[in-house]
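The block underneath contains the structure these notes are about, expressed in structure tokens.
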Amino acid sequence: MNHEQLVELVSEMTLDEKIAQLLQLSGDFYSDKAEERTGPIAQLGLSQTDIDNAGTILGVASAAECRRIQQSYMERNRLHIPTLIMGDVIHGCRTIFPIPLAIGSSWSTDAARTMARVAARESSASGLHVTFSPMVDLVRDPRWGRVMESTGEDPWLNALMAAAMVEGYQGGRAGSAETLADPAATVGACVKHFAGYGAPEGGREYNTVNMSERQLRNDYLPGYHAGIDAGAKLVMTSFNTVDGIPATGNRNLMRDILRDEFGFDGVLISDFGAVREMIAHGVAADDRQAAQLAIEAGVDIEMMTVCYLRELRGLIEDGRVPESMLDESVMRILELKNDLGLFEHPFRGADPEAEARVVLCDDHRQAARTVAEESMVLLKNEGILPLRRSETIALVGPHAASHDVLGAWSWKGDPAEAVSPAEGLRALTGDRVLVGGEPFDCVNPSHAAVAEAVDLASRAGTVVLALGETSEMSGEAAARSDIRLPQAQIDLFEAVRAVNPNIVVVLFNGRPLDLTAIDDARAIVEAWFPGTEAGSALAAVLYGEANPSARLTMSFPYSVGQVPVYYNQFNTGRPAAGRMDEKYVSKYLDVPNDARYPFGFGLSYSSFAYGPVSVSGDRFSAGRPLEIAVDVTNTSTVGGVETVQLYVRDVVGEVVRPVKELKGFERVRLEAGETRTVRFSLGEEQLRYVHSDLDTCSDPGEFLIMVGPNSRDLSEPVSVSLI
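Going from the sequence shown to the working numbering is simple: count from 1 and add 19.
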């Protein structure tokens with residue numbers, strides 16, 4: 020359809036039909052089994068007409084079921100408008116990739132794009148039109164369970180990952196002919212959660228967010244903006260408040276910033292139940308006021324509450340809301356359906372034969388394995404890794420033989436289809452890997468399971484101790500005040516160490532943890548939740564078939580008491596750096612100020628040496644960037660990938676500036692003994708930030724240039740001036 024035809028279609032719709040387009044219902048309402056529909060229908064008090072006209076559907080992903088629902092829906096809908104089917108495909112559809120925090124740790128936009136492309140191909144074949152991804156919320160507090168859905172603590176790196184995922188899902192860059200062009204391989208992307216959702220007080224889910232507008236704009240908005248610039252078709256509101264106003268009813272945030280400043284003209288959807296939750300927040304007295312606040316803020320789709328359905332007609336008839344505001348939302352929804360080609364091809368990519376052929380195919384599993392290998396971070400290695408195939412290994416602990424390796428938000432993933440660590444290691448080395456048969460609970464293991472693990476450890480040369488969280492211990496509604504390993508796992512570590520100190524700890528988790536209790540491990544591998552090919556990827560990393568190259572994008576603290584701890588912090592008037600022996604400086608008495616494992620950190624089986632940093636001059640200006648170069652040498656006998664990182668400090672700013680900020684990185688593969696010159700270009704535009712008057716510009720004056728393998732271990736600063 021062209022625009023004029025869509026306008027004509029809106030004019031043909033009754034007021035109630037237009038309002039219904041703004042309602043999203045779960046797939047339960049469209050089940051062909053009466054017993055599955057009865058409860059949800061009664062709960063929301065809906066009529067069959069309401070269901071027949073609801074504009075979008077949540078949470079169905081099966082080609083046959085989606086085709087059945089679409090066929091029935093269009094037959095019942097008076098104007099035969101197709102429905103739009105959405106779902107939570109976060110890090111893979113059926114083939115599950117590592118969690119987004121792990122993908123961020125790859126420092127590879129190609130890895131992020133690959134995950135999204137595979138997910139889109141499987142989702143489309145299964146009948147989905149839209150995925151609620153990427154989540155681009157900046158995160159600094161590992162107590163919050165949903166850090167696993169983010170790509171980390173750096174605004175710039177998050178923005179790169181956001182754009183890559185949007186391009187992967189939608190099949191092209193913003194405005195390109197490829198965007199959504201292939202119905203068999205693309206879905207609409209939804210940037211979430213707008214805005215500031217990653218900064219809840221105390222790390223508690225759904226909690227208050229309270230920050231200055233300057234901080235919001237400088238640190239938190241860039242990721243959303245990048246996803247929108249990449250062409251994302253939808254944005255989802257966040258549950259939290261922004262400046263004391265719930266985001267879902269925040270007109271300044273949604274209309275002034277999102278629509279007017281960012282130029283977003285796509286569909287704005289609430290998170291699950293967020294419209295009605297404004298009553299609990301205390302800014303709406305009832306459904307009627309909640310509906311008015313949401314529509315005035317520009318929310319186009321209300322997910323799983325019925326404030327619009329029940330109250331918009333009365334608000335319009337009473338003159339409280341102009342019908343033109345409703346028409347704008349309806350038009351945006353119809354335009355999205357049109358962009359997806361649903362008016363001409365209502366079944367779009369939903370194809371049972373393609374679904375059977377594409378979902379969980381060998382190519383997709385191999386892609387998931389490669390990304391998992393690139394996402395595992397080697398945190399510590401006292402020469403014990405890589406393992407030798409000739410050596411007898413004891414693989415013990417709660418995750419040793421577990422299929423709980425997918426992580427939270429692996430909606431369509433089946434743990435039974437995943438490769439466990441035991442299966443992966445044994446496929447590589449056979450019976451040289453000793454694995455116990457006792458079930459092993461993560462929090463409360465049986466005495467028999469612990470005794471068996473200790474016995475196996477005593478009979479092996481090296482112990483691979485698989486520890487961490489269950490999938491349910493991170494993700495939405497999984498905040499933790501204590502981010503240490505469960506005490507039973509710490510006790511297991513000590514018991515194993517008593518009989519065999521050659522311990523390699525492998526961590527399966529969705530957040531940074533306090534690892535103090537396992538500091539005596541000879542090696543630590545952060546595997547995260549690696550996805551469907553977890554065991555295969557882990558075996559490749561442990562035995563050196565894959566050389567670790569991942570780097571943290573979220574800092575690991577010494578203690579939860581440091582939280583939030585992040586690399587790009589502000590200095591204080593009494594900084595502790597170089598003055599830790601003094602009393603009256605900003606420090607803790609019991610732990611360092613900095614992270615145990617900082618942003619950008621990760622080891623390799625290779626070793627690298629950095630030469631002096633050279634710059635093209637001591638001054639630069641707008642339009643005349645600074646050229647920076649450093650020689651990096653692989654000083655080992657093993658080829659590997661080094662992530663060379665560029666950091667900058669603005670020495671004197673109009674407001675306080677971070678002690679360092681990531682401004683560039685380069686993933687460089689170097690063979691044994693090879694030296695390569697890595698070059699960066701630093702322009703004035705990269706140094707702009709939000710000032711106290713909310714203007715974005717740079718400060719003339721001194722800047723310090725630093726290069727290194729992570730945010731801590733950097734070169735001596737080189738001073739330059741921006742003129």
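Ideal placement from N, C-alpha and C gives every residue a C-beta, glycine not left out.
- If the five residues before and after Ala558 are omitted, its C-beta is found closer than 6 Å to the C-beta atoms of Gly443, Leu444, Leu447, all from its own chain and listed in chain order.
- Secondary-structure assignment with DSSP links Phe722 through a beta bridge to Asp669, Val739.
- Of Ala628, Asp173, Arg223, the smallest CA-CA separation from Trp163 is found for Arg223.
- DSSP, read as helix, strand or coil, puts Asn271 in helix.
- Within its own chain, the residues whose Cβ lies closer than 6 Å to the Cβ of Glu197, once the five positions on either side in sequence are excluded, are Gly190, Gly191, listed in chain order.
- The alpha carbon of Ser125 has as its nearest neighbour, out of Ser30, Asp337, Thr389, Cys461, the alpha carbon of Thr389.
- Fewer than three Cβ pairs drawn from the region 204-221 and the region 561-571 lie within less than 8 Å of each other, which leaves the two stretches out of contact.
- Looking at the DSSP output, Cys209 shares a beta bridge with Leu253.
- Under DSSP, Lys399 forms a beta bridge with Ile543.
- Here DSSP, grouped into helix, strand and coil, assigns Phe684 to strand.
- Minimum Cα-Cα distance from Ser623 among the listed residues Asp156, Ala200, Leu404 corresponds to Leu404.
- Leu526: member of the beta strand (DSSP E) spanning 522-527, first to last residue.
- Rounded to the nearest angstrom, the gap between the Cα atoms of Arg731 and Pro677 is 14 Å.
- Comparing alpha-carbon positions, the option among Val302, Ser625, Asn269 lying closest to Gly402 turns out to be Ser625.
- Per DSSP, the unbroken beta strand (DSSP E) holding Ile76 starts and ends at 75-77.
- By the Cβ rule, the region 706-715 counts as touching the region 234-243, because three or more pairs are nearer than 8 Å.
- Under the three-pair Cβ rule at 8 Å, the region 247-264 counts as touching the region 211-219.
- By the CB criterion at 8 Å, Pro520 and Met573 fall outside the cutoff.
- Contact between Ala310 and Leu331 holds, with the beta-carbon distance rounding to 6 Å and staying under 8 Å.
- Every alpha helix (DSSP H) of 4 residues or more that sits fully in the region 163-240 is shown, in chain order, as 174-189.
- Bridge partners of Gln43 according to DSSP: Thr75, Met322.
- Taking C-beta atoms under 8 Å as the contact rule, Glu342 and Ile352 fail to qualify, at a distance of about 15 Å.
- With fewer than 16 other Cβ atoms inside 10 Å of its own Cβ, Ile742 counts as exposed.
- Uninterrupted alpha helix (DSSP H) stretches at least 4 residues long and entirely within the region 290-323 occur at 296-300, 306-316, given in chain order.
- If you draw a 10 Å sphere on the C-beta of Ala53, you find fewer than 16 other C-beta atoms in it, and that means exposed.
- Between the region 507-523 and the region 448-458 there are fewer than three C-beta pairs closer than 8 Å, too few to call the two in contact.
- Here the region 177-184 makes contact with the region 118-138; the two share three or more CB pairs at distances below 8 Å.
- Contact between Ala441 and Glu457 does not hold, since their C-beta atoms are separated by about 13 Å, which reaches or exceeds 8 Å.
- Across the structure, Val325 and Gly292 are spaced so that their CA atoms are roughly 9 Å apart.
- Ranked by Cα distance from Ala204, the options Ala39, Asp423, Asp370 are led by Asp370.
- In chain order, Trp126, Thr662, Val663, Gln664, Leu665 place their CB closer than 7 Å to the CB of Phe684, counting only its own chain and leaving out the 5 sequence neighbours on each side.
- In the structure shown, Pro567 falls within a coil segment according to DSSP collapsed to helix, strand and coil.
- Distance between Val294 and Ala245, taken at the CA atoms: about 26 Å.
- Assigned with DSSP and collapsed to three states, Val286 falls in strand.
- Here DSSP, grouped into helix, strand and coil, assigns Val261 to strand.
- The region 405-419 makes no contact with the region 94-112; the number of CB pairs closer than 8 Å stays below 3.
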